[in-house]
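Chemist: In UniProt numbering, the protein residues as written are 1 to 88.
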Amino acid sequence: MLDGMELGETAHKKTGTTVPESIHSFIGDGLVKPEALNKKAIQIINRVRDKLTGRDFSHDETLDVPTQVELLIKQATSHENLCQCYIG
């Protein structure tokens, strides 16, 4: 079984490109500006850091793992979020 990273590496091995090369092709085409790419990358890194340090829900207090899991489950099973999955 492959994880996401291995799948990405496999895809790039098949095409013969590396991740930076594929990003540069987007930048070269003018589809993505380097400043926007860096800004988005920083936002993602900050979001992951907040999740790992227990500050995903509140920047003022650090949550322990059981509390964070409980809040994530409540969020995932809330009617407001579940109705977003309903297409019809």
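Note that beta-carbon positions come from the ideal geometry of N, C-alpha and C, so glycine has one too.
Output the distance between the C-alpha atoms of I39 and R49, rounded to the nearest integer angstrom.
Modeler: Before going on, a small fix: residue 39 reads as Lys here, not Ile. Going by the C-alpha atoms only, they are around 15 Å apart.
Chemist: Suppose you measure from the CA of K74 to the CA of T62; what does that come to, to the nearest Å?
Modeler: 18 Å
Chemist: If you scan the UniProt domain "FATC" (61-88) from start to end, which runs of the alpha helix (DSSP H) of 4 or more residues do you find wholly inside it?
Modeler: 65-76 and 79-82
Chemist: Could you tell me which of G54, N81, E80 and T77 sits nearest to Q68, measuring between CA atoms?
Modeler: G54
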